Every structure is written in C-alpha cells, then in structure tokens.
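What follows is a short report on a single structure.
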Amino acid sequence: MPQRNVVEASNPFREGLRIKESLEPCVMVIFGATGDLTHRKLLPALYNLALEHPLPAGFSVVAFARRPYDDEIFRKQALDSINQYSRQKPINPQVWESFVSGLHYLQSSFNEAEGYNKLNTLLNKLDQERGTSGNRIFYLSTPPSQYPEIIQNLGAAGLNKNRKGWTRIIIEKPFGHDLATAHELNRQVGKVFKEDQIYRIDHYLGKETVQNINVFRLANGIFEPVWNRRYVDHVQITVAENLGLEGRAGYYEESGAIRDMIQNHMLQLLTLVAMEPPIALDANSVRDEKVKVLHALQPLVGHDVLKNTIRAQYGPGWVGGHQVPGYLQEEGVSPTSTTETYIALKTFIDNWRWAGVPFYLRTGKHLPKRVSEVAIQFKQPPLMLFKDSDTQGQVEPNVLTLRIQPDEGISLKFGAKVPGTDMQIRSVNMDFFYGSSFVREQPEAYERLLLDAMHGDSTLFTRRDEVEAAWAFIQGILDEWKTAPRDTVHSYESGSWGPQAADEFIWRDGRRWRRP
Amino acid sequence: MDNSATAGMHLPWAGKKVRQELVEDELISLWHLAADNMRISQNMNVRTSVLNFVICAQDEKSAQEASVLLRDLSSTHIARVTLLILDPRSDIPSEVSTWITLRSFPIISDVMRHHFEQIAVTVNGAATHYADNIVEALLKPDLPVYLWWLNDLPEQLDVFQRLLRISSRVIIDSSRFSQPEKQMRAISTLLQESSHCALSDLTWGRVTALRELIAQFFDIADYRLYLMGLHTITIEYAVPSTQATTGAHAHLRKPGGALLLAAWLKTRLGWLLLEDEQDKYRDRESGVFSWHMSSRDMTKVVTQPASATEEGAQISTPPGGIDIEIRPRVLSDSEPGTICLVQLIGTDHGKQATFTIERGDDDDHVITSVDVPASTRPPRTVNIAATHKESKLLHNEMEITGRDHLYEKSLHEVFALLA
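Taken in sequence, the protein lines are chains A and B. Numbering-wise (the numbering used here), the first sequence opens with residue 1 and increments by one. Numbering-wise (the numbering used here), the second sequence opens with residue 517 and increments by one.
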C-alpha cells in the first residue's frame, strides 16, 4: 500500500451528507445559568440540537451559578423550561434521557477562586466520563458588570488554555456601555483569551432572515446592479416592539433604545445591507466588509446629533387592546429619567456605493406592533410617462422590503395596470414568505449560533473592531445627549408609531416613514 | 364538485371530472372560487411555484393513498400535482379521463393556507404508451418535474423510460420492488441514457440517518485513528419471522437498505472486491451476505492523522483485510428491512475499538455507543423517526436538486457486491 504524507484528514463518511463539518463533543459552561436567557433560549436550543442530532454524544452542560441548587434541581428546571419554550414539543423522553445525563450544576459565586478550581476538576472529570476531549465553551449569561471578574478568574484558574482540545468564550450583549467600557472589556477579555476564541453574540445574526440578506444580495444576479446610490433613494430600518419594559427597568434605565437596539442589532442590519460583497464567505472576509461600513458612517457629533436624531419616551396609551402607563410611571423608572424608549436617526455612509443615500433607523417600545424590517426604496423612474392626473400620485416608488420578523420574507412593491379600459395604476406586492415557501420549521437563532460556536465558525459573531466601530458611531450621540436639554426628549402615545417630531424629521427630507 | 358529469370511471376523491383540453380553464375557475372563499374566511391564500410533481400509480388505491400523503408535502412548494394512474391491460379500451381539484392545507397555523393544483389522470389500455405526452401537456411551464413512481416497476419498462424523458428527478422506493436487484439494474441502465434525470431512492433516504451517525463517530479526532483500521463490519436487518430466513420466503426479506449501507461503507473505505469467489458468500436461503476484501485503493480514501505514537507518516490499515457481513435478525415488531444493528470494529496499533448503532426500544430510536480503550463516551439515544415516515423521506428527496452521485456510486457497488 502506498505511503502518503499525513495531513489533517477530513472524515470520508461526511461526503454527501447535509452536515458537512465535524463537531466534537464539548462542555458548555454557562455562567448565570439560573437566569432567564438560559431557560428561555439556551437550554431549549441545546435540546433541539440534541433532538435533530447534530449535537455529538457526550455533549455536556455545566451550570455555574450562585443559587444553592444541585444537579437534580437544575435538571428538573431544565425539563420545565424545555417543555415550555422548546419549538419542538412534546419532549421526546428517550432523547431527553440521553440529553439530561449531560447536565450538571456547580454552585459558586463568580468571584470565588475556589469555585473555578472546582470547575476545573469537574471539567476534567467530564473529559474522562463523557469524552469531551478538553473542548470547552464558556458562556457568559450574567449581567455585564460581572464579565470582568469571571474572565479574570477563568484566566487565573488556567481555564482559558487547554493542553488538548479548544476553548472558546461566548459573551452576550451588551458588550460595554459605551466606547470606553467596550474597549476596556475588549482589553480585559483579550488579556485572557485570543480573539479567535472570543464569540460576541448578537442573536439577530442567527435569524434565518438576517442570514438571507447576504444570500438574497449575492446569490441573485439581478439585485446587485441596482444596490447603490444610482437607484436607491433611501433605506429605512425599523425594529419596533409592542412590549414595554416588562419589569426590566433596572437594565433599561442604564441602556435606553440606543444601546439596547441601535448599537448592536440595527447597525448589524445596516452593515449587512450596505456592505460590499466579500471576497470569500469565511468569517473574517465577511466581517472585514462589515467593519468598513461602520468606519464609513458619517459621524454624528455636536449639533449634527440633534439635527439627525430624535429621541422620545412612551406616554400612556393603549397597546394590543390594553391600557398601559407611560414610561415615567413604570415601576423602577425615575420620574426625571431622560432614557429614551424610542429613537429615530438618519445617517449616511461615505463611500462610493452609498454617498448621499440616507439610512433612516428607528426603534421603539410600545409601538403598535412587533416588526423588524429593512426597506429599500428605489428612485422614481427618470421620466414619468403616466402623467395623466388619474394615474399620477398612484404610482408609488418601488420598495424592496426584507422582513426579519414576523411574516419573515421579502416583498417587492411595483406598479401594475388595473384591468379596465382606462389607465389606472396600482401598487402591488410580490411576496416571498419563508413560512409558505419553506414550511420546514425554522431553527431558532440560538440553535444556529451555538452550533456555529461549537464548529468554531465566528462569521455570525461580532469581532472586536466591529464592536468598537459601532460604539464609536454611537458615542457621539451619547455625548451630545448628556448635555442636551430635557425638551429634546419627546413623548409619544403608547400604541402610536412614535412622536410627531419623528414624522417631521423625515418629512423635512421629502420622505415619510413606512407603516410596516 | 361534480364527479358524475361523464360516464366511465369515477374517482370521487379526485375532484371534478373534466375534459383534458379544458383543464387549464377549469383550474382558473377553481382559483376564482378559492379567492372568494378566502375573502369570506380571512385566510391568506398562498401559491408556491417551484415544481411539478407527477405521481405514477398502477391502481386507484395507491393513487388515493398518495393523494392523502400530499398533505404532508405542501412544504415542498409544489405548484401542480399530476396523479397518473396507469392500467396497461391490453383487453381494456384505450381511454384517458381527467379530474381536477385544488388542494389546500394550513401552513403551521390556519391563518395561511397553501394551495396547489391536483390533476388526476387515468390512462388505460394502449394509451398508456403515450402517458408521457399526456402528462407533458399538463405540466406547468418552466418548472422542474419530479416523478414519484409508486410501488413496483412494470415488466415493460418503456412507459417508465418515456416518463424519465420528461422528468428532472425520479423517486422510487426499491424496498417495494418485487425483484429489487434486477429492477434496480434496469433503472440504473436507463438513467445512464437519461443523464438529465436524477434518481432518488427512499431506501437510500432511510439509510442516510445511519450514515450521519456513522460519520459522527469519526468526527472525533481520537476515533479517526481507528477508521483506516476497521476490519469488521456487521449489519443486521429486520425480518418478520424465522420463516423469512428460509429460501421459500425470501420475498419477506428486504436487505436493500443494508446492502446500500454496506456498499457505501466499502466505497468510503476504499476496499476493493476482487474476482476471487472465495471472498464472497451469499446464502440465498437465509439471507446472509458476507464478503472478505484484502485489496484497497488508497487513492480513493482520504488520509487520516498518524497515530500519535508513531514517528513519521504511517497509515494503519488492517493487514488481514476487512470482513463485511449482512444478516437478518428476527424482529416481529419491526418494519421488515429496518437496519437494527451496525457495528464497526477497528484497531489501531494493537488497540481495538467498537462503534455500534443498535435499534432502541422501537424503530424510531437507535442507541449509539463506542467502546474504545481508555476512553469513555456515554451511549446516546437518537430519534430517527423521520426515516420511517414516507412523507418525510419524500420531502428530503424533493429538496435535492441535481444528481446524487454518492447514491449512484453506492448503487453500482451493490451490483458489484451481488455479482
């Protein structure tokens, strides 16, 4: 038999299978595992992965938290959570038995060095008993204020490095409170982990429809030629919530809409829509292009901030058939709070593709409905042939809408002649719905993201420079707002689409907000 | 729907009987009616336009069963279904009859309903020879054609061959063939002449879940050391009773899936079956197959990492060759042909490892386990219920575009193993 040079071999059985990449078993250590995120999102996602068996045998979870639980209590809670939040129900008892045998609980405070030593011992034991081969993912699902001490303790215990296997750390948003804290957090985590070990999560990137933005743009030849300033009039990105604070005043008062939504989800959507096609689909090539967009954003500083942003708080009103209080009346909110629950802003991207095209971003709580979308409105034809008074005004511009949620899909608005003897034109929508075209149940965003982290694919996670560039853009706004007078915080009725000032803001440009 | 407008065959479940030349006009009327219903009921009417689905049956019962199964296939974005019922008997008059209906199924919730068109066509007597032309007139333009051939292949393959001509993909279930080996060879030959048409076999779909689990064993770097040293492969398939292990009841045995799996493993591992008859054993009485192979084409195999204890590049491969055995196991509560055991045994520098996939408490679950020196991995229960649901298997095949070269290669390997 011929001798061959040894190379890192791929698995010959993988060819032709839907899942192309290997997945080695690992331990996921969730810090703050008794919190909401773990029970609503992480455990259900992991169970669904186990059910659809890309999760390897031996996969284990260690819940690292302060409450005085043990394995049994945690497993019972996990069962309840999965029963409640899993997208696939009822639980398959046989798969559950396999899955639950890998769930463990370790009680410790985050600042207790001994807790990390115990963790180390437990992880080594799991390597022996469950074959996790030294592969670790540390998931920080705690309040951000606890990130530094957890990271530091992981480093002190040597858990950031393995003699065998790999180690990764997933950090939930918000990543920092402003540019300085984000930079400091990056510095701290960078002291302990290398950049390729760090996965900064933004769950929007795990949504099928967000991933479809790139596919739509780059797999179809007809859109790219018009995806630029010559044909696009403006872009509107809307992330609207109909919920209010939902008891999270403590977090939201410090955050506001700009940190909660704009700095992460909405700027991610903006970069995906605006970026240049990457040279390849590897993580860094894609993220390079996204960072370029962020660096090209026209800074908003000083007087420009007030000219190009509108912030507001919701007042009392009716949402979803229920009467709701105003923000300042919510429990835990200071009556003199200036935290914005709504923001609209206009920005420009100074590059050859987008120069002069305004990007309008708006987000808010207690808006009429929950919707996230990106709408690209195209310029009108250079010559309006249908000038007859009956038809003019009915010819609306073409709009390509990428609906992120709900009714995930894409629609194109264009004009069509109404059947009849006269020339009447109406706008019609050509719709592609994910839900009807691909009725297969979509995986939850966290399923995709956790699987990618296990694969070592960081494409859907944000990079250090990406995070800091996003903060750099936001920082000018934050700085100006600190000193802006109180009356720059407008009010809007709960259940409306925002303050009158936001309407006037876009009317000034001869445009209007979409009604999604 | 008026199904008694004309004399002749009646298919009450198939909708309104119409003249074939009026099919398109009649479908438009149905769509208008559906639009009215939508306004009343507030449902959102959705039509997808991705493929033509032609289902070819040999009797009304099979066609009706397939029609019911379409409920689970609305997610495959069918634009139009043509149910073709062929009765080629020479002693009956040549006749073509057509029925139309709209099918409507809720998509996840009832707010949105997926509609597609269904045309049922019975073709009798000599007219069956022209079934392809009849179907072709009914296809929606510009969309691929997926042909699902139900049950057994006919003795005369010309009708099947002509339908291949207009199809982008043909889907069969070789486990339902009365003479699987002979019939699969025939199909394989026909497909070589119809290179535009791809072949899907639901038997291969059933095996795919096991392929994934086998691949998962060797995703782990430590276990991949044993990959090239695999020397024993055992596959067991379910038979309903001990009777099935006798020659007289060979028809009760369905080893097709096991044969495909064995062929796939053989190919992936690069083993070659030489002409030496001593290396092949086939017991036509009991349904046992076994092969011994000692030659290997390493150029067909991806290399593996060298053992950590070795210096330089060494590849471990069993000096004694490999033994592959397929044998029946009596399991009265299992669907015949279900693979109930896959076991791979390999060595690496004197150490032996065993990788096992075994049926769990029922056909819907298997248990994977690994026995490797100085390493522990807990057994795992995996749900493979989807492999037993025909609609799920069909759904997976209908998502594939293009030829499945790995399946075709494995199929040819089966022929070689049985030669």
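For each residue, glycine too, the CB sits at the ideal point set by N, CA and C. No experiment lies behind these values; they were computed from the predicted model shown.
For residue i, count the other beta carbons within 10 Å of its own beta carbon; 16 or more makes it buried, fewer makes it exposed. Which is it?
| i | result |
| --- | --- |
| B:H911 | buried |
| A:E276 | exposed |
| B:P696 | buried |
| A:T483 | exposed |
| A:T238 | buried |
| A:N124 | exposed |
| B:S683 | buried |
| B:I571 | buried |
| A:D509 | exposed |
| B:L538 | exposed |
| B:E709 | exposed |
| A:K194 | exposed |
| A:L269 | buried |
| A:L154 | buried |
| B:H593 | buried |
| A:Q88 | exposed |
| A:V418 | exposed |
| B:D813 | exposed |
| B:V930 | buried |
| B:I688 | buried |
| B:K533 | buried |
| A:T132 | buried |
| A:T34 | buried |
Please report the Cβ distance between residue i and residue j, rounded to the nearest whole angstrom; I am assuming they are in contact, meaning their Cβ atoms lie under 8 Å.
| i | j | result |
| --- | --- | --- |
| B:S907 | B:P895 | Between B:P895 and B:S907 the Cβ distance is about 30 Å, and since that is not below 8 Å, they are no contact. |
| B:S583 | B:L599 | 6 Å |
| A:V29 | A:L119 | 7 Å |
| A:G317 | A:G495 | 4 Å |
| B:L726 | B:L788 | So it is not a contact: roughly 23 Å between Cβ atoms. |
| B:I616 | B:G531 | 5 Å |
| A:G134 | A:N117 | In fact, because the Cβ distance is near 17 Å, the residues do not count as touching under 8 Å. |
| A:G206 | A:L23 | Not really, about 17 Å apart at Cβ, beyond 8 Å. |
| A:I310 | A:F473 | Actually they do not touch by this definition, with Cβ atoms about 17 Å apart. |
| A:I201 | A:E172 | 6 Å |
| B:E752 | B:R845 | 4 Å |
Bridge partners for residue i per DSSP, in chain order?
| i | result |
| --- | --- |
| A:H490 | A:A312 |
| A:V215 | A:V215 is not bridged to any residue. |
| A:G415 | A:S427 |
| A:I171 | A:L140 and A:R200 |
| A:I474 | Answer is none; A:I474 lacks a bridge partner. |
| A:F59 | Partner(s): none; A:F59 has no beta bridge. |
| A:A274 | A:A274 pairs with nothing; no bridge assigned. |
| B:D799 | B:V804 |
| B:I571 | B:L599 and B:W664 |
Going along the chain, which unbroken runs of the alpha helix (DSSP H) with 4 or more residues stay wholly within the stretch 93-140 of chain A?
Listed in chain order, the alpha helix (DSSP H) runs fully inside the stretch 93-140 of chain A are 93-100 and 113-130, counting runs of at least 4 residues.
My parser needs the alpha helix (DSSP H) runs of 4 or more residues fully inside the stretch 421-471 of chain A; what are they?
Correct list: 434-437 and 445-455.
Stretch pair the stretch 766-786 of chain B + the stretch 867-878 of chain B: three plus CB contacts closer than 8 Å:
Segments in contact, no.
Output the residue ranges of the beta strand (DSSP E) runs that lie fully inside the stretch 318-405 of chain A and measure 3 residues or longer, sorted by chain position.
The qualifying runs are 322-324, 342-348, 358-364, 371-378 and 399-405.
Is the stretch 850-863 of chain B touching the stretch 741-756 of chain B in the sense that three or more CB pairs, one from each, lie closer than 8 Å?
Proximity of the stretch 741-756 of chain B to the stretch 850-863 of chain B meets the contact definition, three or more beta-carbon pairs being nearer than 8 Å.
Could you tell me which uninterrupted alpha helix (DSSP H) segments, each at least 4 residues in length, are contained entirely in the stretch 866-932 of chain B, listed from first to last along the chain?
Segments of the alpha helix (DSSP H) lying fully in the stretch 866-932 of chain B: 906-914.
Those runs of the alpha helix (DSSP H) which lie wholly inside the stretch 733-777 of chain B and span at least 4 residues:
Within the stretch 733-777 of chain B, the complete alpha helix (DSSP H) runs of at least 4 residues are 737-740.
Does the stretch 248-266 of chain A come within contact of the stretch 332-346 of chain A, defined as at least 3 CB pairs closer than 8 Å?
They touch, by the three-pair rule.
Those runs of the beta strand (DSSP E) which lie wholly inside the stretch 706-735 of chain B and span at least 3 residues
The stretch 706-735 of chain B contains these whole beta strand (DSSP E) runs: 714-717.
Considering only residues of the stretch 217-270 of chain A, which uninterrupted alpha helix (DSSP H) runs meet the minimum length of 4 residues and lie entirely inside it, listed in chain order?
Every unbroken stretch of the alpha helix (DSSP H) spanning 4 or more residues and falling wholly within the stretch 217-270 of chain A is given here in chain order: 249-257.
I'd like to know if the stretch 839-854 of chain B and the stretch 725-741 of chain B are in contact, where contact means that at least 3 CB-CB pairs between them fall below 8 Å.
They do not touch, by the three-pair rule.
Report yes or no: do three or more beta-carbon pairs, one from the stretch 236-253 of chain A and one from the stretch 362-380 of chain A, lie closer than 8 Å?
Touching, per the Cβ criterion.
On the three-pair Cβ rule with 8 Å, is the stretch 48-56 of chain A touching the stretch 9-16 of chain A?
Judged by Cβ distances under 8 Å, the stretch 48-56 of chain A makes no contact with the stretch 9-16 of chain A, as fewer than three pairs qualify.
Per the contact definition of three or more C-beta pairs closer than 8 Å, is the stretch 457-469 of chain A in contact with the stretch 286-294 of chain A?
Judged by Cβ distances under 8 Å, the stretch 286-294 of chain A makes contact with the stretch 457-469 of chain A, as three or more pairs qualify.
Between the stretch 416-436 of chain A and the stretch 221-238 of chain A, do at least 3 Cβ pairs fall closer than 8 Å?
Contact fails: fewer than three Cβ-Cβ distances are below 8 Å.
Using 8 Å as the Cβ pair cut-off and three pairs as the minimum, do the stretch 700-716 of chain B and the stretch 887-905 of chain B touch?
Taking 8 Å as the limit for Cβ pairs, the verdict is that the stretch 887-905 of chain B does not touch the stretch 700-716 of chain B.
Which whole runs of the beta strand (DSSP E) in the stretch 575-652 of chain B are 3 residues long or more, in chain order?
List check, beta strand (DSSP E) in window: 594-603, 611-623 and 625-640.
Decide yes or no for the touch test of the stretch 26-45 of chain A against the stretch 128-147 of chain A: beta carbon pairs closer than 8 Å, at least 3 of them.
Yes, since at least three Cβ pairs between the stretch 26-45 of chain A and the stretch 128-147 of chain A fall closer than 8 Å, the two stretches touch.
Contact residues within the stretch 49-65 of chain A, judged by C-beta distance below 7 Å to chain D
As a matter of chain content, chain D is missing from the structure shown, whose protein chains are A and B.
Is it true that the stretch 400-416 of chain A meets the stretch 369-383 of chain A, where meeting means three or more beta-carbon pairs spaced less than 8 Å apart?
With a cut-off of 8 Å, the stretch 369-383 of chain A and the stretch 400-416 of chain A count as touching, because enough Cβ pairs lie within range.
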